[in-house]
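Shown next, in structure tokens, is the structure this report addresses.
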Amino acid sequence: MCVDPATQETRDPAMKSMFAASALALLIATAAQAGPLNVPATQKAISAQLDRDYPALETLYKDIHANPELGFQEVETARKLAAQMRALGFTVTEGVGKTGVVAVLKNGEGPKVLIRTELDGLPMQEKSGLAWASQATATWNGEKVFVAHACGHDIHMAAWVGAARQLVAMKSKWKGTLVFVAQPSEETVRGARAMLDDGLWDKIGGKPDYGFALHVGSGPAGEVYYKPGVLTSTSDGLDITFNGRGGHGSMPSATIDPVLMAARFTVDVQSVVSREKDPSAFGVVTVGSIQAGSAGNIIPDKARVRGTIRTQDNAVREKILEGVRRTVKAVTDMAGAPAADLKLTPGGKMVVNDQALTDRTAVVFKAAFGARAVAQDKPGSASEDYSEFVLAGVPSVYFGLGGSDPAEAAKAKAEGRELPVNHSPFFAPVAEPTIRTGVEAMTLAVLNVVGK
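Residue numbering for the sequence shown follows numbering that gives the first Met the number 0, beginning at 0 and increasing consecutively.
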């Protein structure tokens with residue numbers, strides 16, 4: 000579902016009155032009047048605290064990385080984070096949305112701020128070569144699979160705990176309520192909704208005033224990325240079973256070949272993307288799985304096709320969904336086959352960053368990181384269910400971190416090659432400085448709204 004970015008900054012009346020002006024200069028002045036954050040002094044304090052905390056944070060990261068768990072199975076991961084937060088003095092509730100963790104710290108009157116991380120790994124084998132690489136396995140869709148933190152959630156969790164440590168150490172510098180949320184099953188884009196349906200707002204005494212989340216990617220470590228408005232894509236799941244008539248591979252005329260239908264659909268559906276939607280509008284249809292048959296000389300009676308659809312506009316989304324339906328019907332009609340079983344499942348909705356809060360946060364990021372604070376000019380293609388918190392009325396900033404070794408990133412750019420990206424079996428962000436940057440950026444962003 001699309002969210003109009005223009006509506007985001009009006010959800011909180013206090014924010015609307017504080018940040019009504021659109022000019023950045025006036026925004027900076029307004030933020031300063033509300034309680035300026037002394038960025039150089041705060042950075043110095045964060046750095047000193049990180050020098051003490053970092054070894055423990057990297058140990059936590061390596062432990063989580065080596066022992067990933069799938070969505071809604073993150074029992075041990077949740078237990079580890081809950082223990083960390085209790086040791087810091089947070090009031091911790093476990094089992095929210097099945098395996099989620101909520102840690103609350105009250106420190107006087109002030110804004111309530113949500114800081115979110117994710118708990119789950121992916122059903123895939125890691126090939127990073129790290130000394131602490133995952134060898135874990137689990138049951139997924141009835142099958143035994145490898146599990147890996149190939150999306151970076153392990154980095155996120157370490158930075159999340161690190162930011163909590165910083166804010167506890169700086170309690171004299173801020174007032175308000177911190178709500179640290181460790182969300183289950185982000186990869187299935189169901190965990191945030193599960194927590195909300197489990198009464199998250201009631202458990203924390205009402206909806207937060209602000210929200211923050213981060214995500215690591217393949218950019219150079221030490222960089223921070225931000226963008227107001229639409230940041231990610233809406234996703235829809237694609238699951239088709241083509242129903243044919245099986246038979247001998249030497250007698251195709253006596254069969255209706257579902258493998259041929261699956262192959263034809265996989266190719267033909269791309270014409271919806273390349274010929275029917277506006278070429279300047281983002282839209283992707285990817286088939287990631289085709290499953291059929293058992294032996295080369297047997298034509299099976301069914302073929303299953305699974306994939307994903309990503310869009311950043313409702314009209315484009317509806318055009319592609321209609322095109323998928325029409326292509327499925329055309330393929331089965333051409334083959335003289337029974338109707339296919341088509342399932343289109345809505346997934347994560349677009350994350351839309353609050354304009355005013357993003358601008359306010361950008362001021363601090365620029366002051367802290369200089370040229371390493373990079374404004375993004377277009378949304379990313381991936382999807383993420385943090386959007387559920389935004390749609391529930393939490394003005395938010397979801398920002399990015401670089402995770403690749405800067406020297407390797409520069410070399411790859413010079414050679415014109417791509418570095419491994421999220422969900423690659425080779426994706427392996429460097430722990431330092433990525434975790435340190437995540438802790439610093441998140442701590443500054445939060446202090447910027449709760450600082451005295």
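All residues carry an ideal CB built from backbone N, CA and C; glycine is no exception.
Residue j beta carbon less than 7 Å from that of residue i
| i | j | result |
| --- | --- | --- |
| LEU69 | ALA137 | yes |
| HIS247 | HIS148 | no |
| GLY347 | SER234 | yes |
| GLN375 | LYS226 | yes |
| ARG316 | ASP238 | no |
| GLN290 | VAL229 | no |
| GLN182 | THR442 | no |
| SER133 | GLU142 | no |
| GLY120 | VAL146 | yes |
| VAL283 | THR326 | no |
| GLY483 | LEU36 | As displayed, the chain neither begins before 0 nor continues past 451, which places residue 483 out of reach and without an answer. |
| THR360 | VAL396 | yes |
| GLU387 | VAL350 | no |
| THR254 | LYS301 | no |
| ALA168 | GLN48 | yes |
| ILE203 | VAL112 | no |
| ALA193 | GLY96 | yes |
| PRO207 | SER403 | no |
| LEU118 | GLU73 | yes |
| GLY221 | PRO299 | no |
| GLY464 | LYS174 | Given that the chain is displayed from residue 0 to residue 451, the structure contains no residue 464 and the question cannot be resolved. |
Option nearest residue i by Cα separation, candidates the options
| i | options | result |
| --- | --- | --- |
| PHE89 | VAL350, TYR397, VAL180 | VAL180 |
| SER293 | LYS276, VAL258, GLU317 | VAL258 |
| MET84 | THR41, GLU317, LEU177 | LEU177 |
| TRP131 | ALA427, GLY204, GLY295, HIS422 | ALA427 |
| ILE434 | ALA157, ARG324, LYS318 | ALA157 |
| GLY236 | THR344, THR92, PRO432, PHE398 | THR344 |
| ASP50 | LYS377, GLU431, LYS79 | GLU431 |
| ALA334 | SER395, PHE264, LYS170 | PHE264 |
| ALA381 | LEU446, ALA413, PRO251, HIS214 | HIS214 |
| ILE297 | GLY379, MET250, ASP62 | MET250 |
| CYS150 | VAL144, THR116, LEU356, VAL167 | THR116 |
| ASP71 | LEU113, VAL188, LEU104 | The question names Asp, but residue 71 is Phe in the sequence shown. Cα-wise, what sits closest to PHE71 is VAL188. |
| ALA81 | VAL144, GLY96, ASP62, VAL101 | VAL101 |
| ASN352 | ARG371, LEU390, LYS365 | LEU390 |
| GLY243 | VAL91, THR307, ARG303 | ARG303 |
| VAL393 | PHE425, PRO378, TRP139, TRP200 | TRP200 |
| HIS155 | LEU356, THR76, THR231, LYS318 | THR76 |
| THR307 | ALA314, LEU320, ASN313 | LEU320 |
| GLY99 | ASP197, ALA411, ASN421 | ASP197 |
| GLU185 | HIS152, SER171, PRO278, SER217 | HIS152 |
| THR41 | THR58, PRO122, VAL330, SER171 | SER171 |
| ASN313 | ALA280, ALA339, SER423, GLY415 | ALA280 |
| VAL144 | VAL420, LEU87, PRO67, ALA262 | PRO67 |
| PRO110 | LYS79, GLU439, GLY205 | GLY205 |
| SER288 | SER273, GLY295, ALA262 | ALA262 |
| SER127 | GLY295, PHE425, SER217 | PHE425 |
Residue i Cβ short of 6 Å to the ligand MG heavy atom set
| i | result |
| --- | --- |
| GLY218 | Only the bare structure without any ligand can be found here, which leaves the ligand MG out of the picture. |
Boundaries of the beta strand (DSSP E) in which residue i is found, first to last residue
| i | result |
| --- | --- |
| TRP139 | 136 to 139 |
| GLU321 | It is not in any beta strand (DSSP E) - GLU321 instead sits in the alpha helix (DSSP H) that spans 313 to 334. |
| GLY216 | 209 to 219 |
| ARG115 | 111 to 117 |
| ASP358 | Per DSSP, ASP358 belongs to no beta strand (DSSP E); it is in the alpha helix (DSSP H), 354 to 368. |
| ARG309 | 301 to 310 |
| ALA381 | Unbroken run through ALA381: none, as it is neither H nor E. |
| GLU341 | Correcting the residue identity first, residue 341 is Leu in this sequence and not Glu. Here the beta strand (DSSP E) through LEU341 covers 340 to 345. |
| THR98 | That residue, THR98, is in no beta strand (DSSP E); it is neither H nor E in DSSP. |
| ALA374 | 372 to 374 |
Limits of the unbroken alpha helix (DSSP H) element including residue i
| i | result |
| --- | --- |
| ASP267 | 257 to 267 |
| ALA430 | 430 to 449 |
| PRO405 | 405 to 414 |
| PHE145 | From DSSP, PHE145 is part of no alpha helix (DSSP H) but of the beta strand (DSSP E) over 142 to 145. |
| ALA427 | It is not in any alpha helix (DSSP H) - ALA427 carries neither H nor E in the DSSP assignment. |
| ALA81 | 74 to 86 |
| ALA44 | 38 to 65 |
| LYS206 | Element bounds for LYS206: n/a, residue is neither H nor E. |
| LEU195 | 190 to 196 |
| GLU387 | 386 to 390 |
Presumed contact (8 Å Cβ cut-off) between residue i and residue j, rounded CB distance
| i | j | result |
| --- | --- | --- |
| PHE398 | TYR224 | 6 Å |
| VAL363 | ASN447 | 5 Å |
| PRO378 | THR231 | 6 Å |
| GLU417 | ALA408 | Rounded, the Cβ-Cβ distance is 11 Å, inconsistent with contact. |
| ILE114 | VAL445 | 6 Å |
| GLY295 | ASN421 | No, GLY295 and ASN421 are not in contact; Cβ-Cβ is about 35 Å, not under 8 Å. |
| MET260 | ALA329 | With a Cβ gap of about 10 Å, MET260 and ALA329 do not count as contacting. |
Residue ranges of each beta strand (DSSP E) within the segment 224 to 299, 3 or longer | The qualifying runs are 233 to 242, 282 to 291.
Which ranges does the alpha helix (DSSP H) cover as unbroken runs of at least 4 residues, wholly within the segment 152 to 187, from first to last along the chain?
-> Counting only runs of 4 or more, we get 152 to 168.
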